[in-house]
Amino acid sequence: MPYIGRFAPTPSGPLHLGSLVAALGSWLDARAAGGRWLLRIEDIDPPRCPPQAAATIQRQLAAFGLTWDGEICFQHRRDDAYQAALERLAATGRVYPCGCSRKEWQHLGHYPGWCREHPRHPQRPQAWRLRTDLGPNPVVWQDRLFGTQRLDPTTQGDVVVKRKDGLWAYQLAVVVDDAAQGITDVVRGFDLLDNTPWQRQLQQALDYPEPRYLHLPLIRGEDGQKLSKQNLAPPLPLDDATVRPLLHRALALLDQRPPAELHRAPVTTQLAWAVDAWSPRALTPHAYRDLT
Ligand code: GLU
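See the structure below:
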C-alpha cells in the first residue's frame, strides 16, 4: 500500500511540545511504512499568522530531524483550488450562503441551518455553510487508535466552509489539500477527531478518496490543560543539546519507551531507533496524555 502522510500546522506561532508529539507521531508512522511525509502550512487566516512563524516551524522541524518530502504546500496560494471546490459543492446544493450572525443562533449551541433553502439576510455579507443534513448521517469511520467512530454532524451544525470576510475555512481547505496531495493517512491530534465527520461529508460530496485516520492523545500540562499557544506552552528549542532530551521525551509521550541510553543521542540515532520500533498500538486510547 502506498503511504503519503502530512503535517499541517497553522503558523499562528512556533511549535511547542504538544505539536512536536503530533508531528513526530505522523512522521514515524510515515517513515515506518516507507512512505512520504509532506509539510503543509495552513496559513489561510493571515491576521492569525505572524509573518515569521512558518519559517520558525521549518527550522524547528529540521532541528528535530523531522525531514519532509517535496515542496511545502502553502494554503495562502491555494485560492483557485478552494474556489473550484466551493463551486462544485454549490452546483449540487451541498453548500449555501448564510448571513446569520452568531448572536442570532448561539443560544442553540450550533447553527441550525436556517438559510438552507433561502438566505434569511440576503443583504448582509454571506458565509458559505455545508448542508450536514444531506448526509451521510451518521458518519461512520475507523480511527486506528480510537476504533469505530459514529457521529452525526447535524448535531454539530452546518459548518462554515468560506467565511463572511472572504477567508477560506479550515474544513474545506484541509479536505481539498489532503486530496490534492494524495494523502492516504491523516495522523493528528485528538482535538480534530470531532471535525472528521464534516471532513468525511465534504470528501464524499467532492468524490475524494477516504484517508485512514489516526488521532493522537493531546499532551496535558500540569495545569490540566492541553499544551497550546494560548496556554503559553514554550516554543521548541533549536539548539541540539536541548533538542536531544526533548525528542526522547516526545518519544516517551508517544508511549514508545525509548531506551534510557538514547536520551542524549543525536536526533538521527533516536529517530532511526524509533522508526524501527514504531508501534501505534503502544498508545492508550485516551484523549489526553499527562506530561511526565
Ligand atoms: N492546521 C491544523 C492545526 O494546526 C491541523 C490540521 C489537520 O491536521 O488536519 O491544528
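Using the numbering used here, the first residue of the sequence shown is number 314, and each one after it goes up by one. All residues carry an ideal CB built from backbone N, CA and C; glycine is no exception.
- Leu531 and Tyr483 do not touch by the CB rule: their CB atoms are close to 17 Å apart, not below 8 Å.
- Under the DSSP assignment, Pro327 falls outside any beta strand (DSSP E); it carries neither an H nor an E label.
- CA-to-CA, the gap between Leu337 and Gly470 works out to about 32 Å.
- Around the beta carbon of Gln373, 16 or more other beta carbons lie within 10 angstroms, which makes this residue buried.
- The residue among Leu506, Gly318, Thr582, His561 with its C-alpha nearest the C-alpha of Gly383 is Gly318.
- The ligand GLU has no heavy atom closer than 7 Å to the beta-carbon of Glu523.
- DSSP places Asp471 outside both helix and strand once states are collapsed to three, so it counts as coil.
- Secondary-structure assignment with DSSP links Trp350 through a beta bridge to Gly318.
- When the five nearest sequence neighbours on each side are left out, the beta carbons in the same chain lying within less than 6 Å of the beta carbon of Thr369 are those of Pro327, in order along the chain.
- In its chain, beyond the 5 residues on either side, Gly326, Pro327, Leu328, His329, Thr369, Gln373 have a beta carbon closer than 8 Å to the beta carbon of Pro548.
- Between Ala587 and Leu421, the C-beta gap is not smaller than 8 Å, which leaves the two residues out of contact.
- Taking a C-beta distance under 8 Å as the contact criterion, Leu399 and Leu333 do not qualify as a contact pair.
- Taking C-beta atoms as the reference points, Val488 and Leu443 fail to come closer than 8 Å.
- Lys416 carries a helical assignment under DSSP once its states are collapsed to helix, strand and coil.
- Between Asp536 and the set Pro598, Arg476, Val580, Leu604, the nearest pair of CA atoms involves Leu604.
- In the three-state reduction of the DSSP assignment, Gln569 falls in the coil class, being assigned neither a helical nor a strand state.
- Scanning its chain for C-beta atoms nearer than 7 Å, with the 5 sequence neighbours on each side dropped, one finds around Ala346 the residues Tyr316, in chain order.
- Assignment of Arg501 by DSSP, reduced to helix, strand and coil, places it in the strand class.
- Your pair Arg513 and Val472 does not check out as a contact, with CB atoms roughly 12 Å apart and the cut at 8 Å.
- Residue pairing of Val453 in beta bridges, as defined by DSSP: Arg463.
- The Cβ-Cβ distance between Pro524 and Thr497 falls below 8 Å.
- Taking C-beta atoms under 8 Å as the contact rule, Leu567 and Leu596 qualify, at a distance of about 7 Å.
- Scanning the region 488-547 for uninterrupted beta strand (DSSP E) segments of 3 residues or longer gives 498-502, 525-529, 531-533, listed from N- to C-terminal end.
- The beta carbon of Thr468 lies closer than 8 Å to those of His423 in the same chain, with the five residues before and after it left out.
- With a 10 Å radius around the Cβ and a threshold of 16 neighbouring Cβ atoms, Leu564 comes out buried.
- Residue side-chain check: Leu559 keeps its Cβ at 7 Å or more from all non-hydrogen atoms of the ligand GLU.
- By the rule of a C-beta closer than 6 Å to any heavy atom of the ligand GLU, the residues picked out are Ala321, Pro322, Thr323, Glu355, Val487, Arg501, Leu505.
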